[in-house]
Amino acid sequence: MTEPRHAAPDEEQPQVVVNDRRRIDPETGEVRPPAHAAPEEGLAEGTAPVSEEPLVAEVVDEVAAELKTQLDERTADLQRLTAEYANYRKRVERDREAVINNAKASVAGELLSVLDDVERAAAHGDLTGAFKAVADKLVSTLAKTGLQPFAHEGEAFDPSVHEAVQHSTSPDVDGPTVTAVLRRGYTFGDKLVRPALVAVTDHEPAPSAAPAEEN
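Take a look at the structure:
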């Protein structure tokens, strides 16, 4: 049987280190300073420890600059999307209004022949009684939707809205003038629904007086 080995008297025994982590010194009763307040190991006596504050501040500045750049980019993207969405809504609204106006103009155009009959009946004195009440209501309703008649005697001839079917000359006018309306024209908003059929009279200089005969 192997006997236990005893250390020689002069053999160095392993040193046991006990760290006292108590905050209160049991001998003096005073509060001990925190462990991190102890001088840093590895520094020569009289050498101050290197402060890390400038390095931390530099890192913070870089992070802040990067965050600001990202924020500016996201803000620009948001503003661009907002502008695009606003333009899209305006375009959709314009298209919607155009479709509605075109539909109204189409319906009103189908009723122009009825309005022509009403106007002729009024010119002949036949627009009376209940027929006149219905006709007035029809004209009023179409006017509220945007249908407006045009062309009157005495106004200047405009080839963009007038269609000349008769032509004459007279010294009583200064230029091409509508002297008779054969069929009323109509507009719906800014859209020409039907041109007016008119008679046009151009200016013609008056004949000069014949010289008197000498006796």
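Residue numbers (this note's numbering): 309 to 523.
For every residue, glycine included, the Cβ atom is placed at its ideal position computed from N, Cα and C.
Around the beta carbon of residue 483, fewer than 16 other beta carbons sit within 10 angstroms, so the residue counts as exposed.
Just so you know, the alpha carbons of residue 451 and residue 388 end up roughly 42 Å apart.
In the displayed model, residue 433 falls within coil according to three-state DSSP, outside both helix and strand. Per the coordinates, the alpha-carbon of residue 375 lies some 10 Å from the alpha-carbon of residue 369.
The distance from the Cβ of residue 412 to that of residue 453 is about 5 Å, consistent with a contact at the 8 Å cut-off.
Per DSSP, the unbroken beta strand (DSSP E) holding residue 475 starts and ends at 470-478. For residue 496, the uninterrupted beta strand (DSSP E) segment begins and ends at 493-496. Closest option to residue 478, judged by alpha-carbon separation, among 402, 417, 372 and 510: 510.
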